[in-house]
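J.: Once you've had a glance at the structure underneath, I'll fire off some questions.
Residue numbers (full-length UniProt numbering): 1 to 280.
What follows is the structure in structure tokens.
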């Protein structure tokens, strides 16, 4: 007999409603209070866009947004390149000496506490600063290197899981027909793992944009990311400008996520269609 409990439809919708309320009700409240005219974020006194205009005039916050977007874009792009290489080493090179150690070092940042990672990178940059002048002053470059370090692990896991699902017989058939390895990669393998690459890039960009702990260790006075600015501002009291900034961030992330989901769904549908046609 099937012992799996069957829940009635009403209970199912109640559970879903409670779950979605737990997840999205705080975000909805934040969005509503971003239009509050009162400086006190918990006291509603009228609808206004004043905090959005003041946000655009806040050089400190906008500077943090600009720096975080630049570092996030560069970190995600570098992490994707390194993650693809690492995924191919783990899945296409077969067994080799040191494979277990290589896999461990690649995935270690996934479980390493951020405080330990930040402190170790800080000590590394201090030691390297005694040899190379470029590391004597910590700033945007040290934050970028630190973010690439832990973002690469996430991209590697995402791309590697997709790479394991690629039908290698198609690649082997292309090489048997005389296609060089680079052509097989760009015309067969890369399109097959493109959704995973896009997902890995978005994940790395989000992790970089959200990082506070590691950036606090490796940044300098000339580089203050958005999470650092927000954290220092919240310690003195929640500003309505932070709510406005969070609302704009939610809107941008939602649009980017929807576009990425649409592109990945379209690519997956095309890939399944091509696989079906190749089997006929």
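C-beta atoms are modelled at their ideal positions from N, C-alpha and C, and glycine is treated no differently.
Hey, residue 103 and residue 152: beta-carbon distance below 8 Å or not?
T.: No, the Cβ-Cβ distance between residue 103 and residue 152 is not below 8 Å.
J.: Extract the residue ranges of the alpha helix (DSSP H) inside the stretch 73-146, only unbroken runs of 4 or more that lie entirely within it.
T.: Counting whole runs of 4 or more residues, the stretch 73-146 contains the alpha helix (DSSP H) stretches 99-111 and 114-129.
J.: Answer yes or no: do residue 220 and residue 138 have a C-beta to C-beta separation smaller than 8 Å?
T.: Against a cut-off of 8 Å, the Cβ pair of residue 138 and residue 220 comes out as a contact.
J.: Under the three-state reduction of DSSP, which class applies to residue 186: helix, strand or coil?
T.: Helix, per DSSP.
J.: Starting from residue 18, follow the alpha helix (DSSP H) in both directions and report where the run begins and ends.
T.: 9-33 is the extent of the alpha helix (DSSP H) around residue 18.
J.: Please list, in chain order, all residues of the same chain as residue 157 whose beta carbon is under 6 Å from its beta carbon, the five residues on each side excluded.
T.: If we look at residue 157 and ignore the five residues flanking it on each side, it has no Cβ neighbours.
J.: Taking only runs of the alpha helix (DSSP H) that begin and end inside the stretch 191-269, which ones reach a length of at least 4 residues, in chain order?
T.: Runs found: 213-218 and 226-234.
J.: Using the Cα positions of residue 253 and residue 96, report the straight-line distance between them to the nearest angstrom.
T.: Those two C-alpha atoms are separated by around 41 Å.
J.: Can you tell me whether residue 160 is buried or exposed? The criterion is at least 16 other CB atoms within 10 Å of its CB, across all chains shown.
T.: Answer is buried; the Cβ neighbour count reaches 16.
J.: Please classify residue 154 as buried or exposed, where buried requires at least 16 neighbouring CB atoms within 10 angstroms.
T.: Burial call: buried.
J.: CB-CB under 7 Å to residue 1, same chain, minus the five flanking residues each way: which ones, in chain order?
T.: Model confidence at residue 1 stands at a pLDDT of 47, short of 50, so the residue's coordinates are unreliable and nothing is read from them.
J.: Report back the beta-carbon spacing between residue 225 and residue 143 to the nearest angstrom; my notes put them in contact at under 8 Å.
T.: About 7 Å; that satisfies the 8 Å criterion.
J.: In whole angstroms, what separates the C-alpha of residue 89 from that of residue 167?
T.: Residue 89 and residue 167: Cα-Cα distance of roughly 17 Å.
J.: Let's see if you can read the secondary structure: which residues bound the alpha helix (DSSP H) around residue 171?
T.: Run containing residue 171: 168-176, per the alpha helix (DSSP H) assignment.
J.: From the DSSP output, read off the bridge partner residues of residue 36.
T.: Paired residues: 47.
J.: Taking the alpha carbon of residue 49 as the point to measure from, which residue in 163, 182 and 35 has its own alpha carbon closest?
T.: Nearest of 163, 182 and 35 to residue 49, Cα basis: 35.
J.: For residue 16, which residues in the same chain have their Cβ closer than 7 Å to its Cβ, ignoring the five residues on either side in sequence?
T.: If we look at residue 16 and ignore the five residues flanking it on each side, it has no Cβ neighbours.
J.: Using 8 Å for Cβ pairs, my map puts residue 110 next to residue 218. What's the rounded Cβ distance?
T.: In fact, because the Cβ distance is near 19 Å, the residues do not count as touching under 8 Å.
J.: In angstroms, rounded to a whole number, what distance separates the CA positions of residue 52 and residue 231?
T.: So the two alpha carbons sit approximately 19 Å from each other.
J.: What did DSSP end up calling residue 179 once you bin it into helix, strand or coil?
T.: Note: residue 179 maps to coil in three-state DSSP.
J.: Using the three-state DSSP reduction, which class does residue 165 fall into: helix, strand or coil?
T.: If DSSP states are grouped into helix, strand and coil, residue 165 belongs with coil.
J.: Taking only the alpha-carbon atoms, compute the straight-line gap between residue 119 and residue 211 and give it to the nearest angstrom.
T.: Between residue 119 and residue 211, the C-alpha separation is close to 14 Å.
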